[in-house]
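This report concerns only the one structure given below.
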Amino acid sequence: MNEKTMTEEQHYADVIAEESICTNENLVFEKTNVLTDTPMHYCPGCGHGVAHRLIAEAIDELDIQDKTIGVAPVGCSVFMYNYMDIDMTEAPHGRASAVATGIKRVLPDKYVFSYQGDGDLAAIGTGETIHTCNRGENILIVFINNGIYGMTGGQMAPTTLVGMKTTTTPFGREVEVMGNPLKITELIAQLPGVYYCTRVAVNNPVNVRRAKKAILNGFKYQELKKGLSFVEVVSNCPSNWKMTPVESNKWMEENMFAFYPLGDLKVPANQPAAGKGE
Amino acid sequence: MAKVKGDIIIDIEKCKGCELCAASCPQDSLELSRKLNSKGYHYIVKIEDNCTGCTNCALVCPDGIIKVYRKTEKKKEKIAIISNVTGDMTITVNS
Amino acid sequence: MKELKLMKGNEALAEAAILAGCDGYFGYPITPQSEILEYLTQDARKRTGMVVLQAESEVAAINMIYGAAGTGKKVMTSSSSPGISLMQEGISYIACAELPCLLVNVVRGGPGLGTIQPSQGDYFQAVKGGGHGDYKLIVLAPSTVQEMVDHVKLGFDLAFKWRNPVMILTDGALGQMMEKVELPPQLPRSTEAPAWATVGKPKTRERNILTSLHIEPDKMQGINLHLQKKYRDIEKEEIRFEKFECDDAEIILVAFGLVARICQKAAQLAREKGIKVGVFRPITLFPYPYNVLNKLADQVKGFLTVEMNAGQMVEDVRLAVNGKIPIEFLGRMGGIIPTPEEILHKLEEKFVGEMV
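Protein chains in written order, with our numbering: chain G, 1 to 278; chain D, 1001 to 1095; chain H, 2001 to 2356.
Structural data, given as structure tokens:
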């Protein structure tokens, strides 16, 4: 044990002795109440937690909790409604954007978002995704891309990188057999119905701040009724990538960001950009 | 020159020990405890008293379990030296 | 003064949807029901503000229904057999999440792409499940264009009363044929959201969650038991049927939908020949009038079930009668509609010889 290392008891004893600054007036960050107190079921280090929190923070800051309806997908985030203190519907696999369309069409003044993983949005739900975007539904789609099927145990996703090992590409994804990884965000950015399209990450504080800005934009733009906002969050999957969380973030930065570069793909004129990530 | 002092409170029962906070701490003040919480995870503790309250750890924490506090203490600054004064003198300070 | 109009079945149903105060229609074209979507895209929006959206597929359409029904609005979709097959996953989710909505199946012949001609081949799909898991739709079977109209409001009423999807099971012939109809008055669209609806959570209540996912076995079994209890209650309260000259009948023709009308003609022809024939028509296919049929079996020599399929409802007739009397079956498929004469012929062949 490091000499400098203190036990918790010593630490807190010291804090108390030194007159703690941990008072409400000095509080600069805490979890928003739009996130429930339920501990998330996600594996240690999973990006879903931060993405959930950023959505909750955006709802909190815009004060739209009573006007927001979320749609959870099938995948690891199927239980998202356990963590968000908002009205939510859990959609069939791949259909979240169609469910969100139905909600938004009958409640056009509410804020509606779907939250979908890569298998959900870019494989089984590709048709719904493309057409929802193309119709320019005034919703926000948050797309979590970690290049793998997490919930079912680490199978190949449409976004799995070439050469990446998964349980269904045990020797690495071969283009001749499994085709190329799908850059669905680039496809979507070209559709006229899409008002705002960006790719962010939540691996470091700078990127977290940018991701937050992007999600805030996605909610705010709904007021303009000018089309769909699409925010891809390049994320990690430590468990199925078989790495520690810190290693998985490093691997993501070196490999995922190379193929899925961070930054805005479509920014409305005269609207603030979330900027390029690091 | 303002001195910034920070501190954090970690909900160790909800910590999963992913160490992403430690990796993002510019002060290297976080480390995994050798102890386990009731879920069986080693949890993060603050080992240094050099926290600046930058919120990096809380921003990257996937479980939203870190509260960050920051206090900016103004040092008493020397604003004037008054010497060899004779007779009455009034000093007023506009706030 | 009643307003009478000559209308095509599909268009009458669409008009009835507008008049019922429907808030939203999401659908995809398929023969023989595309007139419903076409009719609604004309001026429904202008008249009531109703949302009408042509989806990119039946899969998308049913999920738009899932989302929109979750807000507590009166929403509906329509399709025909292959399209309804595509919707089954969503219907199962909607049934488990207990959302009210109206589904219309203007049945065409199958299996596969089949034919665009009328059929009753989706009876099993509508009544016995269709999608995965233990769930039930309330199924209404109109036999006239007038009922195509009436069942829309009835369907919405039942859907909201029971928080359950309701299906109107009709066929290509009823959808395409014209009859005179009396249209009901215009009802308002929905105004207040039910307590369970996902419309945005105010601070004053807990959040509403619509899901069909319950990982804990006890919870999932509990949901199932709750649903089954509801279905038993529906069976107690909502059975609808029609009897035509059954009181003195020696033989009863059992048929639903359009075929029941053909059976009435067959019964009339039989009575002209001195054979006492009645017709029994279930209007609700779920809940099915098992007990009524069982009692009727005590007074007749036999039932002849007539359907436009290979024999689907006849299984429920047999269940109802439980072997008391012979149950004969006449089925036509591929879009062929049975004629009164062939029904009479079958009836004579199977029953008259035995009669004294």
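Ideal Cβ positions, reconstructed from N, Cα and C, are used throughout, including at glycine.
Computed from a predicted structure; not experimentally measured.
- Considering only beta carbons, the part of the region 1055-1071 of chain D lying closer than 9 Å to chain G consists of Thr1055, Asn1056, Cys1057, Ala1058, Leu1059, Val1060, Cys1061, Pro1062, Asp1063, Gly1064, Ile1065, Ile1066, Lys1067, Val1068, Tyr1069, Arg1070, Lys1071, in chain order.
- Per the coordinates, the alpha-carbon of Arg2163(H) lies some 11 Å from the alpha-carbon of Ala2197(H).
- With the criterion set as a beta carbon lying under 7 Å from some beta carbon of chain D, the region 132-152 of chain G has no members that meet it.
- Within the region 53-65 of chain G, contact with chain D at the beta-carbon level (separation under 9 Å) is assigned to Arg53, Ala56.
- Ranking Val2292(H), Pro2282(H), Val2277(H) by CA distance to the CA of Lys2301(H) puts Val2277(H) first.
- With respect to the 8 Å criterion, His93(G) and Cys76(G) are not classified as neighbours on the basis of their beta carbons.
- For the 8 Å CB-CB criterion, Val106(G) and Val2292(H) do not form a contact.
- Put simply, the region 2194-2211 of chain H does not touch the region 2104-2119 of chain H. Fewer than three CB pairs are less than 8 Å apart.
- DSSP, read as helix, strand or coil, puts Lys2008(H) in strand.
- At the C-beta level, Ile1044(D) and Cys1015(D) come within 8 Å of one another.
- Annotation: the continuous beta strand (DSSP E) that includes Met2178(H) extends over 2178-2182.
- At a cut-off of 8 Å between beta-carbon atoms, Ser77(G) makes no contact with chain D.
- Under the Cβ criterion (8 Å, minimum of three pairs), the region 2076-2092 of chain H counts as touching the region 2108-2125 of chain H.
- Taking one beta carbon from each stretch, the region 1054-1074 of chain D and the region 29-39 of chain G have 3 or more pairs nearer than 8 Å; the two touch.
- Under the 8 Å criterion on CB atoms, Lys220(G) is classed as non-interfacial with respect to chain H.
- Annotation: the continuous alpha helix (DSSP H) that includes Glu2147(H) extends over 2145-2162.
- A distance below 8 Å separates the beta carbons of Lys212(G) and Leu54(G).
- Annotation: Cβ neighbours of Ser1024(D) in chain G (cutoff 8 Å, chain order): Asn204, Pro205.
- Here the alpha carbon of Asp60(G) sits roughly 23 Å from the alpha carbon of Cys22(G).
- When C-alpha distances from Thr152(G) are compared across Ala91(G), Asp118(G), Ala98(G), the shortest belongs to Asp118(G).
- Under the 8 Å criterion on CB atoms, Gly47(G) is classed as interfacial with respect to chain D.
- By the 16-neighbour rule on beta-carbons within 10 angstroms, Arg2232(H) is exposed.
- The region 176-207 of chain G is shown to contain whole beta strand (DSSP E) runs of 3 or more residues at 194-201, in chain order.
- Between the alpha carbons of Glu2011(H) and Ala2159(H) lies a gap of roughly 22 Å.
- When beta bridges are read from the DSSP output, Gln155(G) appears opposite Tyr149(G).
- A Cβ of chain D is located within less than 8 Å of the beta carbon of Lys31(G).
- For the 8 Å CB-CB criterion, Leu2103(H) and Pro2165(H) form a contact.
- Annotation: Lys2230(H) is outside any beta strand (DSSP E); the continuous alpha helix (DSSP H) that includes it extends over 2217-2237.
- The C-beta of Ile2209(H) comes closer than 8 Å to at least one C-beta of chain G.
- In terms of Cα proximity to Ile2251(H), the closest of Val2279(H), Leu2013(H), Tyr2025(H) is Val2279(H).
- Under the three-pair Cβ rule at 8 Å, the region 2265-2275 of chain H counts as touching the region 2336-2349 of chain H.
- For Gly102(G), a Cβ of chain H is located within less than 8 Å of the residue's own Cβ.
- When secondary structure is reduced to three states using DSSP, Cys22(G) falls in the coil class, being assigned neither helix nor strand.
- Against Glu2089(H), the close residues of chain G are Pro92, in the order they occur along the chain (beta-carbon pairs closer than 7 Å).
- Residues of chain H whose Cβ lies closer than 7 Å to the Cβ of Met40(G) do not exist; the shortest such Cβ separation is about 15 Å.
- Every alpha helix (DSSP H) of 4 residues or more that sits fully in the region 2046-2072 of chain H is shown, in chain order, as 2058-2069.
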